[in-house]
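> Listed in order, the protein sequences are those of chains C and G. Residues 304 to 423 (my numbering) make up the first sequence, in order. Residues 4 to 880 (my numbering) make up the second sequence, in order. Handing you a structure now.
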Amino acid sequence: MSSMCKTQERAALLQGTLDMLILRTLLYGPAHGHQIGKHIQRTTNDFLQMQHGSLYPALQRLEQKGWVISKWEVAPDRNREFKYYRLTAQGKKQLVLEQSKWKRMVEAVARVLSTAAGES
Amino acid sequence: MEWWWQLRKRDADMERELQSDLDLEEEEQREHGVSPEEARYAALRAFGNPTLISEQTRAVWTWNGFENFLRDVRISIRTLFRSPGFSVLAVLVMALCIGAATSLFTVMRSVLLRPLPFRDPDRLVMIYDHFRDPEHNDQGFNYNPVAPADYLDWRAQTHGFEDMAAWYYWPPNLTGEHGELPEMVQAGGGSWNLFPLLGVNAAIGRTFTESEDRPGANVALLTWSLFQRRFGGDSSIVGRQIHLNGKPYTVVGVLPKWFTYPDAEVQLWVPYAHIGAEVLTHHEYHFSRVVARLRANVSLASALSQVEALQYQLHMQNLHAPVAEDVAARSLIEDLARDVKKPLIILLCAVGCMLLIGCLNVANLMVARSAARQKEIAICSALGARRITLIRIQLIESLLISMAGGIAGVVLSLAATNWLVGLWKDLPTALNIHPDGVVLAVACALVFGAALLAGLLPAISSTSKSAIAETSSRTYCLTAPGSRARTALRKTLLTVEIATTVVLLIAAGLLLKSFWRLHTTDVGCVTDNVLTMRYSLPGKKYDSPAKANAFNETLLERVRAMPGVRAAALGTIAPGAGYGVDDLFTIPEHPRMAAGAPPPEALFRTADPGYFSALQIPLLSGRFFTTADRNGRPKTVIISDQLRRQYFPEENPLGQHIHSMRSNADYEIVGIVADTRYQVGLPDMATTYFPVLGGENSTGLTFVVRTAGDPLSISIPVQKLVAELDPQLPVSHVLTMQQIIEQSLGNASLSTSLVLGFAVMSLILASVGLYGVLSYLTIQRTGEIGVRMALGAQRGEVVRLVLVNGLRPAFYGLVLGLAASVGAVRLIQSMLYGTSPLDPAVFACVAASLLIVAALACLVPAWRASRIDPMQALRTE
Numbered sequence: 304m305s306s307m308c309k310t311q312e313r314a315a316l317l318q319g320t321l322d323m324l325i326l327r328t329l330l331y332g333p334a335h336g337h338q339i340g341k342h343i344q345r346t347t348n349d350f351l352q353m354q355h356g357s358l359y360p361a362l363q364r365l366e367q368k369g370w371v372i373s374k375w376e377v378a379p380d381r382n383r384e385f386k387y388y389r390l391t392a393q394g395k396k397q398l399v400l401e402q403s404k405w406k407r408m409v410e411a412v413a414r415v416l417s418t419a420a421g422e423s
Numbered sequence: 004m005e006w007w008w009q010l011r012k013r014d015a016d017m018e019r020e021l022q023s024d025l026d027l028e029e030e031e032q033r034e035h036g037v038s039p040e041e042a043r044y045a046a047l048r049a050f051g052n053p054t055l056i057s058e059q060t061r062a063v064w065t066w067n068g069f070e071n072f073l074r075d076v077r078i079s080i081r082t083l084f085r086s087p088g089f090s091v092l093a094v095l096v097m098a099l100c101i102g103a104a105t106s107l108f109t110v111m112r113s114v115l116l117r118p119l120p121f122r123d124p125d126r127l128v129m130i131y132d133h134f135r136d137p138e139h140n141d142q143g144f145n146y147n148p149v150a151p152a153d154y155l156d157w158r159a160q161t162h163g164f165e166d167m168a169a170w171y172y173w174p175p176n177l178t179g180e181h182g183e184l185p186e187m188v189q190a191g192g193g194s195w196n197l198f199p200l201l202g203v204n205a206a207i208g209r210t211f212t213e214s215e216d217r218p219g220a221n222v223a224l225l226t227w228s229l230f231q232r233r234f235g236g237d238s239s240i241v242g243r244q245i246h247l248n249g250k251p252y253t254v255v256g257v258l259p260k261w262f263t264y265p266d267a268e269v270q271l272w273v274p275y276a277h278i279g280a281e282v283l284t285h286h287e288y289h290f291s292r293v294v295a296r297l298r299a300n301v302s303l304a305s306a307l308s309q310v311e312a313l314q315y316q317l318h319m320q321n322l323h324a325p326v327a328e329d330v331a332a333r334s335l336i337e338d339l340a341r342d343v344k345k346p347l348i349i350l351l352c353a354v355g356c357m358l359l360i361g362c363l364n365v366a367n368l369m370v371a372r373s374a375a376r377q378k379e380i381a382i383c384s385a386l387g388a389r390r391i392t393l394i395r396i397q398l399i400e401s402l403l404i405s406m407a408g409g410i411a412g413v414v415l416s417l418a419a420t421n422w423l424v425g426l427w428k429d430l431p432t433a434l435n436i437h438p439d440g441v442v443l444a445v446a447c448a449l450v451f452g453a454a455l456l457a458g459l460l461p462a463i464s465s466t467s468k469s470a471i472a473e474t475s476s477r478t479y480c481l482t483a484p485g486s487r488a489r490t491a492l493r494k495t496l497l498t499v500e501i502a503t504t505v506v507l508l509i510a511a512g513l514l515l516k517s518f519w520r521l522h523t524t525d526v527g528c529v530t531d532n533v534l535t536m537r538y539s540l541p542g543k544k545y546d547s548p549a550k551a552n553a554f555n556e557t558l559l560e561r562v563r564a565m566p567g568v569r570a571a572a573l574g575t576i577a578p579g580a581g582y583g584v585d586d587l588f589t590i591p592e593h594p595r596m597a598a599g600a601p602p603p604e605a606l607f608r609t610a611d612p613g614y615f616s617a618l619q620i621p622l623l624s625g626r627f628f629t630t631a632d633r634n635g636r637p638k639t640v641i642i643s644d645q646l647r648r649q650y651f652p653e654e655n656p657l658g659q660h661i662h663s664m665r666s667n668a669d670y671e672i673v674g675i676v677a678d679t680r681y682q683v684g685l686p687d688m689a690t691t692y693f694p695v696l697g698g699e700n701s702t703g704l705t706f707v708v709r710t711a712g713d714p715l716s717i718s719i720p721v722q723k724l725v726a727e728l729d730p731q732l733p734v735s736h737v738l739t740m741q742q743i744i745e746q747s748l749g750n751a752s753l754s755t756s757l758v759l760g761f762a763v764m765s766l767i768l769a770s771v772g773l774y775g776v777l778s779y780l781t782i783q784r785t786g787e788i789g790v791r792m793a794l795g796a797q798r799g800e801v802v803r804l805v806l807v808n809g810l811r812p813a814f815y816g817l818v819l820g821l822a823a824s825v826g827a828v829r830l831i832q833s834m835l836y837g838t839s840p841l842d843p844a845v846f847a848c849v850a851a852s853l854l855i856v857a858a859l860a861c862l863v864p865a866w867r868a869s870r871i872d873p874m875q876a877l878r879t880e
């Protein structure tokens with residue numbers, strides 16, 4: 304029971320960021336779930352361990368909101384179908400919004416941290 | 004079903020996505036040089052639990068809650084099917100309990116709660132004359148029929164009511180113009196404004212007009228049932244004539260089908276004043292019922308106070324006569340339901356108790372099952388199922404049981420309601436009794452309530468942390484703490500169950516004893532092989548006493564000559580057949596009574612010379628009538644022993660006189676006969692018998708035949724004889740004495756047998772519960788008992804151990820139930836006849852039978868426990 308609670312906490316924490324990271328990943332072109340996970344993991348040098356448990360629900364959520372659309376397509380290297388996700392125009396707009404929000408947030412947090420360090 | 008397919012598609016889509024991504028992970032692992040076998044596990048490790056992922060992904064969908072619910076229902080159905088014995092038993096218990104409750108509620112709703120089918124029914128009240136004499140009221144005459152002059156004065160002189168209408172029963176002989184079969188029907192004499200006041204329009208034709216409501220009126224209104232039955236629904240009857248007591252009446256209209264006020268027996272209506280101008284001037288002839296409509300914005304109390312004041316004036320102006328001092332009112336719906344309200348409430352209480360016991364029993368079964376499923380619950384909990392989910396699944400199970408039971412119960416109740424309405428003669432037929440939306444809603448509420456009651460307790464107890472912890476950490480222990488808590492819960496449930504059963508059993512026992520008392524009451528005359536029938540000689544044809552006497556005597560003579568007839572007699576009304584009419588009298592030889600004191604009253608009866616010997620009513624002193632007592636010369640009367648005790652306690656009444664107010668003449672007392680009951684269950688009343696040949700044309704007569712063999716076999720020959728003597732004369736109420744008495748007991752017998760049925764059901768349920776708990780307990784304690792036996796406990800001791808264990812909740816329940824009964828019997832006190840509500844015999848019988856049944860229920864598990872093989876027992880732990 305306790306492990307379940309932890310997962311939920313983390314998902315809540317990551318939710319905003321995870322959505323943004325997925326949208327950002329899809330900016331390079333369509334990708335299926337596995338690719339998205341792998342990509343995020345690789346680009347962060349395995350710093351962000353991708354939890355599939357939160358990846359698929361996140362994809363469902365994004366699709367429901369209309370920011371991505373999905374389609375079964377044959378992978379060029381594997382010769383079988385995968386569910387590919389693609390960014391919509393609405394999703395692109397959302398990405399810009401989220402990125403600027405994130406930037407402001409990081410700046411604000413950084414400012415607080417730097418002043419605090421300076422004073423002490 | 005569109006959404007369902009979409010749901011399925013989305014589900015399949017997601018499974019496929021997860022699978023393909025998982026396969027890809029596996030392939031990649033292999034490409035990294037991991038062995039194929041290893042690759043699968045590595046992929047799963049990297050990927051996580053696919054089932055959990057799909058669960059979490061599904062959680063994003065809005066339909067999720069509903070889907071979970073469906074899944075739980077599916078699981079519950081599967082579990083229920085896995086133990087069909089339990090399920091069938093539980094559903095059956097619920098069906099019976101909910102069905103019985105729904106049926107009674109249907110009746111209650113129709114009789115007491117649903118508004119009457121009249122215009123603005125909340126403002127309709129019945130007003131009665133009310134005498135202040137407490138002795139009078141003790142006998143149940145608080146609501147006295149109203150004298151016609153009282154009614155007319157009320158209507159003319161008070162202003163609190165929009166209008167007042169009156170009606171009375173009047174049973175005429177109905178004949179046709181062309182020698183159709185004669186028939187005695189019940190008719191109502193209703194004032195012209197009765198129908199507009201109730202808001203009833205004629206279905207065909209019209210109702211009475213004001214000018215038609217006059218003495219000697221010759222118009223009639225048919226009810227729908229008579230219209231269909233006798234006139235074949237031919238509307239051309241309106242405007243034609245029918246004959247009542249030989250006089251022609253013009254039919255002015257037909258009442259609508261739904262109109263069966265005051266009851267279904269009233270077949271047609273004539274105007275109120277039709278009874279004659281003279282009668283309408285009397286303040287002491289109590290035979291009318293008054294319906295009044297309260298004026299808007301006037302309270303009943305203030306409207307009634309005017310009537311009360313007026314009535315007191317009328318009383319003061321007529322001190323010599325029985326004119327009521329007061330009035331009493333009750334709402335029309337209460338008036339209609341007067342005889343059924345109390346039994347109905349008692350039956351509802353009884354069925355409520357049974358429902359409670361049923362729920363507790365199902366709860367008990369569920370506790371037993373959840374104990375068996377403790378491991379399953381512990382595993383579910385370890386796998387991450389939340390407590391609320393576990394409780395929900397169990398609740399859904401009990402909901403499914405009660406829903407299945409509820410549906411079966413409602414179907415059952417449809418049949419049961421019809422059956423009940425058919426049997427319950429007192430139910431006011433002015434209301435048609437059928438289930439409606441509210442009844443269904445209440446049935447649904449019962450289902451959910453029962454599900455909650457039966458499911459919540461076991462669910463909460465079985466999913467508590469201690470219960471789960473106990474199972475997961477179970478090693479070797481004799482009795483685990485969690486199971487002890489559960490056992491305590493089961494025992495508490497059982498105690499409540501037994502206590503409720505005891506209350507029901509006591510109520511049933513008291514009603515049964517009272518019924519038995521009623522049944523064995525001596526009405527004071529012979530009841531075997533006696534046939535009675537009624538006829539009423541119409542005054543138009545039999546316009547002189549000589550003509551009536553000739554008919555009566557010829558009939559008696561010819562019936563007495565019939566083979567198989569022991570005796571034949573003629574009187575107004577047979578013993579046990581009801582109150583009939585009464586008469587006021589004074590005793591001229593006694594000192595005059597104080598002014599204002601109402602004169603004594605006695606039941607008015609007539610009898611022919613052979614009446615008492617035919618009915619075997621003993622003569623205490625004096626003589627019976629003879630054929631010489633006719634045409635009022637000499638004027639003679641026979642009194643009952645009760646009258647002698649009341650009014651001639653110290654003297655010999657023979658030779659003294661009774662002055663009858665009815666005929667305003669003195670009659671010499673020539674005989675004293677033993678008492679007869681006018682109705683079973685009611686005390687003896689002073690009675691005066693006048694010679695049937697006395698010359699007063701009494702309308703209704705009861706013909707009594709005592710036979711050697713089956714009395715019913717003689718009924719057709721006697722009726723043929725009547726038709727021979729007068730083809731226009733109908734005979735009614737052809738009943739044996741036994742039937743008359745049974746009829747008056749019918750309602751007592753119905754409520755007694757229903758309560759008894761509920762009580763026996765409850766006893767069975769409670770003993771099954773006791774047996775179940777104890778069997779389970781014994782199985783649970785197998786290890787412990789094994790140890791005890793291994794250490795030298797004797798089989799007898801083991802039996803005692805288990806017996807005491809099981810009988811303890813039974814004993815607590817019994818004590819609790821007996822204590823509760825002392826309070827509960829107050830409810831049925833007024834329904835008991837010759838039985839104290841705290842009847843020690845009933846209490847003792849109930850206690851004894853409950854203990855015996857409980858002991859039997861405990862004995863089997865106890866015996867089983869004593870057969871335990873210690874070695875086997877210790878190994879199984």
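The beta carbon of each residue, even a glycine, is placed where N, CA and C say it ideally should be. Everything numeric in this text was worked out from a predicted model, so none of it was measured.
1) Going along the chain, which unbroken runs of the alpha helix (DSSP H) with 4 or more residues stay wholly within the segment 746–784 of chain G?
2) Jot down the residue ranges of each uninterrupted beta strand (DSSP E) in the segment 565–628 of chain G, minimum 3 residues, whole runs only, in chain order.
3) Could you name the residues of chain G that C/G336 contacts, counting a contact when the two beta carbons are closer than 7 angstroms?
4) Taking all protein chains shown into account, decide if C/S306 is buried (16 or more other Cβ within 10 angstroms of its Cβ) or exposed.
5) Going by the CB atoms, is the gap between G/F706 and G/V640 shorter than 7 angstroms?
6) Which residues mark the beginning and the end of the alpha helix (DSSP H) in which G/N421 is found?
7) Indicate the three-state DSSP secondary structure (helix, strand or coil) for G/E18 in the structure shown.
8) Hey, is the segment 167–179 of chain G in contact with the segment 510–528 of chain G, meaning 3+ C-beta pairs nearer than 8 angstroms?
9) DSSP has G/M129 in a bridge; who is on the other side?
10) Could you work out which residue in G/P566, G/V91, G/A511 and G/E31 is closest to C/R381 when comparing CA atoms only?
11) In angstroms with no decimal places, state the Cα-to-Cα distance between G/A483 and G/A847.
12) So, is G/C447 buried or exposed, given that buried needs 16 or more other C-beta atoms within 10 angstroms?
13) C/A314 to G/V37, Cα distance in whole Å?
14) Taking a Cβ distance cut-off of 8 angstroms, strictly less, list which residues of the segment 376–406 of chain C are near chain G, in chain order.
15) Going straight from the alpha carbon of G/V499 to that of G/R829, what length do you get?
16) Can you find a CB in chain D that lies within less than 7 angstroms of the CB of G/L393?
17) Determine the contact status of G/R11 and G/E29, defining contact as a CB-CB distance below 7 angstroms.
18) So is G/A491 buried or exposed if we call it buried at 16+ other beta carbons inside 10 Å?
19) G/D24: buried (16+ other C-beta within 10 angstroms of its C-beta) or exposed?
20) For G/A865, count neighbouring C-beta atoms within 10 Å of its own C-beta (all shown protein chains included) and say buried if the count is 16 or more, exposed if not.
21) Any idea if C/T320 is buried or exposed, counting beta-carbon neighbours within 10 angstroms, 16 or more meaning buried?
22) So which residues on chain G does C/P360 lean against when the C-beta distance must stay under 9 angstroms?
23) For the segment 36–53 of chain G, which residues have a CB atom closer than 7 angstroms to at least one CB atom of chain C, in sequence order?
24) Could you spell out the range, first to last residue, of the alpha helix (DSSP H) harbouring G/W157?
25) Work out the CA separation of G/Q875 and G/R867 for me, nearest whole Å.
26) Classify G/E400: buried if its beta carbon has 16 or more other beta carbons within 10 angstroms, exposed otherwise.
27) For my contact list, G/G412 and G/A98 are in at a C-beta cut-off of 8 angstroms; report their separation, rounded to the angstrom.
28) Determine the burial state of G/P621: buried for a count of at least 16 other Cβ atoms within 10 Å of its Cβ, exposed for fewer.
29) So, do the segment 717–735 of chain G and the segment 558–576 of chain G have three or more beta carbon pairs nearer to each other than 8 angstroms?
30) Below 6 angstroms CB to CB, which residues in the same chain sit around G/D338 once its five sequence neighbours on both sides are set aside?
So, from the listed chains and residues:
1) none
2) 568–574, 584–589, 604–610 and 622–625
3) E20 and D24
4) Interpretation of C/S306 is limited by its pLDDT of 38, a score under 50 that renders its predicted location unreliable; the figure taken from the coordinates is listed afterwards. The residue in question, C/S306, is exposed, as its Cβ has fewer than 16 Cβ neighbours within 10 Å.
5) no
6) R390 to L426
7) helix
8) no
9) G/V294 and G/R333
10) G/E31
11) For G/A483, the predicted structure reports a pLDDT of 47, less than 50, and the residue's modelled location is therefore unreliable. The matter cannot be settled from this model.
12) exposed
13) With a pLDDT of 37 at C/A314, under the threshold of 50, the modelled position of this residue cannot be trusted; read the value that follows with caution. Using only the alpha carbons, I get a separation of about 31 angstroms.
14) R381, R383, E384, F385 and K386
15) 21 angstroms
16) No chain D appears in this structure, whose protein chains are C and G.
17) no
18) exposed
19) buried
20) buried
21) exposed
22) I56, Q59, T60, R61, A62 and V63
23) F50 and G51
24) P151 to Q160
25) 14 angstroms
26) buried
27) 4 angstroms
28) exposed
29) yes
30) M129
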